[in-house]
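Colleague:
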Amino acid sequence: MSVQPIVQGRGIVKRYGHVTAIDHSDFDLYPGEVLAVIGDNGAGKSSIVKAICGAVQADEGEIKIEGKPVHFTSPLQAREMGIEIVYQQLALSPSLSIADNMFAGRELRKPGFMGTVFRQLDKKAMEKFARDKLTELGLMTVQSINQAVETLSGGQRQGVAVARAAAFARKFIIMDEPTAALGVKESRRVLELIQDVRSKGIPIILISHNMPHVFEVADRVHIHRLGKRHAVVDPAKISMSDAVAIMTGAMDPPPIEEQQLTPKAAA
Ligand SMILES: Nc1ncnc2c1ncn2[C@@H]1O[C@H](COP(=O)(O)OP(=O)(O)OP(=O)(O)O)[C@@H](O)[C@H]1O
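What the sequence shown shows, in my numbering, is residues 52 to 318, in sequence order.
1) Who's in the neighbourhood of ligand 1, going by beta-carbon under 6 Å from any heavy atom, listed in chain order?
2) Are the Cβ atoms of Ser76 and Gly105 separated by less than 9 Å?
3) Quick one: what's Phe223 bridged to in DSSP?
4) In the DSSP output, what is Gln59 paired with across the bridge?
5) By a C-beta neighbour count over all protein chains shown, 10 Å radius and 16 as the cutoff for buried, is Tyr81 buried or exposed?
6) Checking 9 Å against the spacing of the C-beta atoms, do Ala87 and Val268 come in under that value?
7) To the nearest angstrom, how far is it from the Cα of Leu147 to the Cα of Val58?
8) Which word fits Phe183, buried or exposed, when buried means at least 16 other C-beta atoms lie within 10 angstroms of its C-beta?
9) Under 9 Å, do Ile149 and Ile196 count as touching if we go by C-beta distance?
10) Let me check one thing: in DSSP terms, what residues is Lys65 bridge-paired to?
11) What does the alpha-carbon distance come out to for the pair Arg239 and Val54?
12) Between the alpha carbons of Ala232 and Leu185, how many angstroms are there, rounded?
13) Taking 9 Å as the threshold (C-beta atoms), are Ile136 and Pro126 in contact?
14) Taking CB distances under 9 Å as the criterion, tell me whether Ile114 reaches chain D.
15) In chain order, what are the residue ranges of uninterrupted beta strand (DSSP E) at least 3 long that sit wholly in the region 241–294?
16) Please state the DSSP three-state secondary structure of Pro120.
17) Return helix, strand or coil for Ala318, following the three-state DSSP convention.
18) His275 and Ile89 look like a contact to me (Cβ under 8 Å); what is the Cβ gap, rounded to whole Å?
19) So for Arg160, helix, strand or coil by DSSP?
20) Under the assumption that Gly62 contacts Glu111 (Cβ atoms under 8 Å), give the Cβ distance between them as a whole number of angstroms.
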């Protein structure tokens, strides 16, 4: 029995002026998996995930979420559907608290009259929710949920960004280079968080240049080259150096029947 992909992109094209960033590319994300997207600088990795979440609009092609065609015109629309994004450049407000950052743009109002008429925020409920989520992901090493994000370490900040995505994602999470700015210990914690999120059943698209990280957490590796999906490989069956050679064009991709176009369980 075949499993329906969460995301299915077919023939996606994105041009920026004369540059064709995505050139008739396909894309598939399946339930429960970490799909890594690797590729050289400028291969079109960010552009394809931006097209999926509505940060840019594709010029051609079709994107379906759980089998239904979507045409997001902004990432906010994707967010409303339960798609969360963790960016390389942290999209947190440094002077706001952890709790405020987690709820930015989707604050909880007090129940009843005070919330509906006076629009009063339910600070207690938001703090409790933020504390519960951080505890669930083992991140409650931070001293207070009301601590400003600027007082946290890089790893703790990235932890808050991942916790926020995990707390609100209902469909999937896109992570664009989540460990790029982090040290060894902090990267390790974020990789563990990725595994925690997957074990909760939320699939992840992970863009990364860090091959050891990719090979540690990915179930499948989408290799992007010159704006196209060049191959999809099983990291358990290919060496890191061969994946890089395919990515740079030094080696041909494996024949299609040897690729991992669907997860092993769904094949
Ligand atoms: N806003 C933009 N305007 C013009 N060209 C762009 C824009 N965004 C991306 N491009 C171009 O599109 C191509 C693909 O870029 P993209 O950022 O998607 O690649 P990438 O694989 O994510 O690269 P990197 O690993 O360097 O982040 C590049 O040639 C880039 O210069």
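Using N, Cα and C, we set each Cβ at its ideal position, and we do this for glycine too.
Note that the structure is a prediction, hence the values are computed from the model and not measured.
Modeller: Quick look at the numbers:
1) That query returns the following residues: Tyr67, Val70, Ala72, Gly90, Asn92, Gly93, Ala94, Gly95, Lys96, Ser97 and Ser98.
2) no
3) Ile134
4) Asp79 and Lys115
5) buried
6) Cβ distance < 9 Å, so Ala87 and Val268 count as in contact.
7) Cα-Cα distance, rounded: 33 Å.
8) Here residue 183 is Asp; the residue named in the question, Phe, does not match the sequence. That one is exposed.
9) yes
10) The secondary-structure analysis by DSSP pairs Lys65 across a beta bridge with Ile73.
11) Per the coordinates, the alpha-carbon of Arg239 lies some 31 Å from the alpha-carbon of Val54.
12) 21 Å
13) Cβ atoms of Pro126 and Ile136: closer than 9 Å.
14) Here there is only one protein chain, and chain D is not present.
15) 255–258, 271–276 and 279–284
16) strand
17) Bear in mind that a pLDDT of 48 at Ala318, under 50, signals an unreliable position, so the number given afterwards is only what the model happens to contain. Here Ala318 sits in coil by DSSP.
18) That pair is a contact at about 7 Å.
19) strand
20) 6 Å
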